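> In terms of this note's numbering, the sequence shown opens at residue 17 and continues consecutively.
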Amino acid sequence: MITSNRMNNLHPYVPGEQPKDRVYIKLNANENPYPPCKQVIKAVSKFVKTNPMKMAVYPDPDSNELHAAIADMLNKTGGVLCRAKVDGKHCEPSEEDKIPFTITPDMIYSGNGSDEVLSFVFYAFFDSSKKFVMPQFTYSFYPVYAGFYNIPMDTVPLKDDWSLDTDEMLSRAKNNAGGIIFANPNAPTGIGLKRDEVRKMLKSANPDEIFIVDEAYVDFGGESCIPLLAEFKNLVIVRTFSKSLCSAGMRLGYIVANPELVNIVTTVKNSVNHFPIDAVAQVAGKAACENPWYYADCAKKVAEERDSFYNFLKEKGFYVIKSETNFLFAKKDGVKGEDLYKAIKAEGLLIRHFNTPGIEDFVRITAGTKEQMSALRTAFEKVIG
17 MITSNRMNNL
27 HPYVPGEQPK
37 DRVYIKLNAN
47 ENPYPPCKQV
57 IKAVSKFVKT
67 NPMKMAVYPD
77 PDSNELHAAI
87 ADMLNKTGGV
97 LCRAKVDGKH
107 CEPSEEDKIP
117 FTITPDMIYS
127 GNGSDEVLSF
137 VFYAFFDSSK
147 KFVMPQFTYS
157 FYPVYAGFYN
167 IPMDTVPLKD
177 DWSLDTDEML
187 SRAKNNAGGI
197 IFANPNAPTG
207 IGLKRDEVRK
217 MLKSANPDEI
227 FIVDEAYVDF
237 GGESCIPLLA
247 EFKNLVIVRT
257 FSKSLCSAGM
267 RLGYIVANPE
277 LVNIVTTVKN
287 SVNHFPIDAV
297 AQVAGKAACE
307 NPWYYADCAK
317 KVAEERDSFY
327 NFLKEKGFYV
337 IKSETNFLFA
347 KKDGVKGEDL
357 YKAIKAEGLL
367 IRHFNTPGIE
377 DFVRITAGTK
387 EQMSALRTAF
397 EKVIG
């Protein structure tokens, strides 16, 4: 055969459905229902119109202005947008989210979406000779990268309440000596660990092994682990612009870590593609970070709609997990998840169904605008009664 054994063993990630046959209300891919702020559109338009030659030459390979803007945004918001205090266009962290040090640009690495960032993190810190530990049900790209880089993994079942079994994860990590990764809040369950719970894990973990926390959804109500970076040098925090910064189509993700670990990931990047983030995306990302008040407002509205729909589902007899993300994970006795997904789709709305054994009767529902969630309620009323 012309392909390699590595290629034959790949099991690609399956993204949320992106239909082309008709227009649906999309509540299946955890995208933000709001557009980027006007300042982003203005900045991108100005850049393209007034600097056309910058489209013809390579961009800043180190994204220095973008990294400075990300660091400033995190300092101003505490890393959790939905709780940030907003006064006009001024932002400051809530008391519980204040970071006890100043994040500096050398603590930031950015790439083409958190998926690319995760790829480089896997390559940099996980070893093919040791198993890394992850939850059984979590972001389904982790096992894809494990297969791509031939890294063995040890998956730990969730507890009966669908929360992470942190004691078992730590126990296996000590046996494997290969590090830990998990999403916090977790996906697809929506449950988050408190910062003190993560601190307890880090204190018990081997400080010479990597500890990765994926905070893709933390802006909607979780607790960021950024403050723990002052205590733990083996901690890497992965974040994204796709969810709370309304930019899934722009493809920007980043890590926050101590500069030594940032330099390691940068070395991996420079061994693959020295110019990963295009010039326009750098401009857009910088403008987004300079207007955190707008995104804080969007995150608050998404969280409100999520909680409102949680109550609706409970009233309809669903088992639904209380979420700290921009989605809900729910099921109803006597109703197959696939059947519910198909019935809702027939009403013109998309929600997510997984064929994965153990969660096949659940659906995952992204929180949308008030109007979108009203349409979804109508669909559920018709389908469920």
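For each residue, glycine too, the CB sits at the ideal point set by N, CA and C. As the structure is a prediction and not an experimental result, all values here were calculated from the model.
Distance check for valine 281 and valine 137, CA to CA, integer angstroms please.
Their Cα atoms are separated by approximately 6 Å.
> Strictly by DSSP, which residues pair up with phenylalanine 138?
Per DSSP, none; premise fails for phenylalanine 138.
> For chain C, find out if any of its Cβ atoms is closer than 7 Å to the Cβ of tryptophan 309; answer yes or no.
Given the protein chain composition of this structure (a single chain), no chain C is represented.
> Can you tell me which of the three DSSP states glycine 163 falls into?
Glycine 163: helix per DSSP, three-state reduction.
> Taking the continuous alpha helix (DSSP H) assigned at serine 220, which residues delimit it?
Unbroken alpha helix (DSSP H) run through serine 220: 211-220.
> Which partner residues does alanine 273 have in the DSSP bridge list?
Beta-bridge pairing links alanine 273 to Val252.
> What would DSSP say about cysteine 107, mapped onto helix, strand or coil?
In the structure shown, cysteine 107 sits in a strand (DSSP, three-state: E or B).
> If you follow the beta strand (DSSP E) that arginine 380 is part of, which residue opens it and which one closes it?
Here the beta strand (DSSP E) through arginine 380 covers 379-382.
> For leucine 392, which option in Tyr40, Val254, Pro28 and Pro35 has the closest C-alpha, if you only look at C-alpha atoms?
The shortest Cα separation from leucine 392 among Tyr40, Val254, Pro28 and Pro35 belongs to Tyr40.
> So if DSSP puts threonine 171 in a beta bridge, which residue, or which two residues, is it bridged to?
Its beta-bridge partners are Met150.
> Could you tell me whether the Cβ atoms of proline 201 and glutamate 320 are closer together than 7 Å?
Taking 7 Å as the Cβ cut-off, proline 201 and glutamate 320 do not qualify as a contacting pair.
> Helix, strand or coil for aspartate 230 per DSSP?
Strand, per DSSP.
> Would you please state the rounded distance, in angstroms, between the beta carbons of glycine 94 and isoleucine 124? I believe it to be under 8 Å.
Actually they are not in contact, since the Cβ atoms of glycine 94 and isoleucine 124 sit about 16 Å apart, beyond 8 Å.
> Considering Cα atoms alone, identify which of Ser110, Asp170 and Asn222 is closest to valine 149.
Residue Asp170 is the option with its Cα nearest to valine 149.
> Is proline 292 near asparagine 80, with beta carbons less than 7 Å apart?
No, the Cβ-Cβ distance between proline 292 and asparagine 80 is not below 7 Å.
> Could you tell me the distance, in whole angstroms, from the CA atom of glutamate 247 to the CA atom of lysine 219?
For glutamate 247 and lysine 219, the distance between alpha carbons rounds to 9 Å.
> Closer than 6 Å by C-beta to alanine 84: which residues in its own chain qualify, once you throw out the five before and the five after it? Chain order, please.
Cβ within range, chain order: Pro121.
> Assuming tyrosine 357 and leucine 344 form a contact by the criterion Cβ under 8 Å, report the distance between their Cβ atoms to the nearest whole angstrom.
So it is not a contact: roughly 14 Å between Cβ atoms.
> Tell me which residues share the same chain as alanine 315 and place their Cβ nearer than 7 Å to its Cβ, disregarding the 5 neighbours each side in the sequence.
The residues are Leu97, Cys98, Asp235, Phe236 and Ser260.
> Considering only their Cβ atoms, is the gap separating valine 56 from alanine 300 smaller than 7 Å?
Against a cut-off of 7 Å, the Cβ pair of valine 56 and alanine 300 comes out as a contact.
> Hey, how far is the Cα of threonine 66 from the Cα of valine 284?
Straight-line Cα distance between these residues: approximately 34 Å.
> Considering only C-alpha positions, which residue in the set Asp230, Tyr155, Glu397 and Gln388 is nearest to glycine 333?
Out of Asp230, Tyr155, Glu397 and Gln388, Glu397 has the C-alpha closest to the C-alpha of glycine 333.
> Just verifying my parser: in three-state terms, what is the DSSP assignment at alanine 100?
Reduced to three states, the DSSP call for alanine 100 is coil.
> Taking the continuous beta strand (DSSP E) assigned at isoleucine 197, which residues delimit it?
Looking at the DSSP string, the run of the beta strand (DSSP E) that includes isoleucine 197 is 196-199.
> Rounded to whole angstroms, what's the CA-CA distance from asparagine 192 to glutamate 225? Just pull it up for me.
Looking at the two C-alpha atoms, the distance is approximately 10 Å.
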